[in-house]
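Numbering (our numbering), first residue to last: 6 to 221.
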């Protein structure tokens, strides 16, 4: 586990003694599709860090239908806002694929690590990044802009996930995703097959979505 902890940027400033302490209050858990990390209304007792996999965040509406709020598909804290505020989780978190998650006892983490300025700032920056992402998601982005941004920021998803799942993440139909990828390939931005994607012109892709994003 020590090497995995070292690779997480949030804990990059910890020395060997601190890493040993963190290791004692942490476990690495493997989840299968459909497994639940937490339900809406659960009292948060752990801090979750997604190492690998896809996590779906959702709520049920008044018709008892699922309303998907977000997907997490990169190394990221999950549900940390409720944990930090010590308030019940406001969403359900479900594994959409096989997932590897670092689970940390929050009571111990708060006692020993939140006094570390670098860790505290790191958590705050992750929260800020999520707010910016949410604000950008509410803008009227075209399919070209959505796909271009995902390609630039998470190209590995196109090798890990099936096309319909990527389309779900982007909130578009698989047909729209296919048309967009074919257009990008024709324009010389990428080469793409069913299970591989190579970026040929990243500046051109970034230009498509950068003008419509909230400044970082």
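Positions of the beta carbon are idealized from the N, C-alpha and C atoms, including for glycine.
Residue i versus residue j: straight-line alpha-carbon distance, rounded
| i | j | result |
| --- | --- | --- |
| residue 190 | residue 196 | 5 angstroms |
| residue 34 | residue 192 | 43 angstroms |
| residue 80 | residue 67 | 32 angstroms |
| residue 57 | residue 6 | 14 angstroms |
| residue 115 | residue 187 | 48 angstroms |
Sequence-distant residues of the same chain with beta carbon closer than 8 angstroms to residue i, five excluded per side
| i | result |
| --- | --- |
| residue 93 | 45, 46, 47, 48, 49 and 87 |
Nearest candidate by alpha-carbon position, reference residue i, set the options
| i | options | result |
| --- | --- | --- |
| residue 51 | 169, 113 and 21 | 113 |
| residue 172 | 17, 152, 164 and 9 | 152 |
| residue 170 | 78, 157 and 95 | 78 |
| residue 76 | 84, 41, 61 and 70 | 61 |
| residue 23 | 124, 101 and 70 | 124 |
| residue 157 | 101, 203, 13 and 21 | 203 |
| residue 95 | 160, 74, 182 and 25 | 74 |
Simplified DSSP state of residue i, which is helix, strand or coil
| i | result |
| --- | --- |
| residue 68 | coil |
| residue 215 | helix |
| residue 81 | strand |
| residue 99 | strand |
| residue 180 | helix |
Residues near residue i in its chain [Cβ-Cβ closer than 6 angstroms; skip 5 each side]
| i | result |
| --- | --- |
| residue 82 | 54 and 131 |
| residue 175 | 151 |
Residues near residue i by beta carbon distance below 7 angstroms, same chain, minus five either side
| i | result |
| --- | --- |
| residue 200 | 164 |
| residue 194 | 205, 206, 209 and 210 |
Inset, instruction - Give a yes or no on contact between the region 103 to 112 and the region 202 to 214, applying the rule of three or more CB pairs nearer than 8 angstroms. - result: no
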